[in-house]
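Counting with full-length UniProt numbering, you get residues 1 to 107 for the letters of the sequence shown.
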Amino acid sequence: MDNVIRPDFRRAAETRGSDPRKVRGGDTAQHVKLYGEVGHHAVSLVRDRSSPQGDVYKVMIDTPGSRMGPVGVEPATPDGLFDADLVGLAVLRTLELLAQRSDSGVA
1 MDNVIRPDFR RAAETRGSDP RKVRGGDTAQ HVKLYGEVGH HAVSLVRDRS
51 SPQGDVYKVM IDTPGSRMGP VGVEPATPDG LFDADLVGLA VLRTLELLAQ
101 RSDSGVA
């Protein structure tokens, strides 16, 4: 079952150089967890209570230019957290696959 995505939050916390809890958006955005880092990209979960959609979880990618962008938005409910975790792990795995592809010389 090598196609099952399993999180390794301990490894993610050890590899992250900067403090992932420093989230833009003021006091209304709260860092929940770091899914992991691939190269210069970090995938994390943020809870934003002042979003136009209301209280939501946002799966964010921190890019090399320190720009953060949401790649998934879910309601701040237990089901929303479950779905956000799926999105976060899928995004992380996608970045890992792209990094492997780049390393192999295949464009």
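For every residue, glycine included, the Cβ atom is placed at its ideal position computed from N, Cα and C. What you are looking at is a predicted structure, and each value in this text was computed from that prediction instead of being measured.
Check, Outcome
"Helix, strand or coil for A90 per DSSP?", "helix"
"For L95, count neighbouring C-beta atoms within 10 Å of its own C-beta (all shown protein chains included) and say buried if the count is 16 or more, exposed if not.", "buried"
"How about H31 and P64: are their beta carbons less than 8 angstroms apart?", "no"
"Output needed for K58: all residues of its chain with C-beta closer than 6 angstroms, excluding positions within five of it in sequence on either side, in chain order.", "V46, D48, P70, V73"
"How far does the beta strand (DSSP E) with S51 in it extend, from its first residue to its last?", "41 to 51"
"Which residue marks the beginning of the beta strand (DSSP E) containing G54, and which one marks its end?", "54 to 62"
"Counting along the chain, where does the beta strand (DSSP E) carrying G65 start and finish?", "Note, G65: premise wrong, no beta strand (DSSP E); not H, not E."
"Any idea if G54 is buried or exposed, counting beta-carbon neighbours within 10 angstroms, 16 or more meaning buried?", "exposed"
"With distances taken from CA atoms, which of L97, L92, V56, P52 is nearest G80?", "V56"
"Do L97 and G36 have their beta-carbon atoms positioned less than 8 angstroms apart in this structure?", "no"
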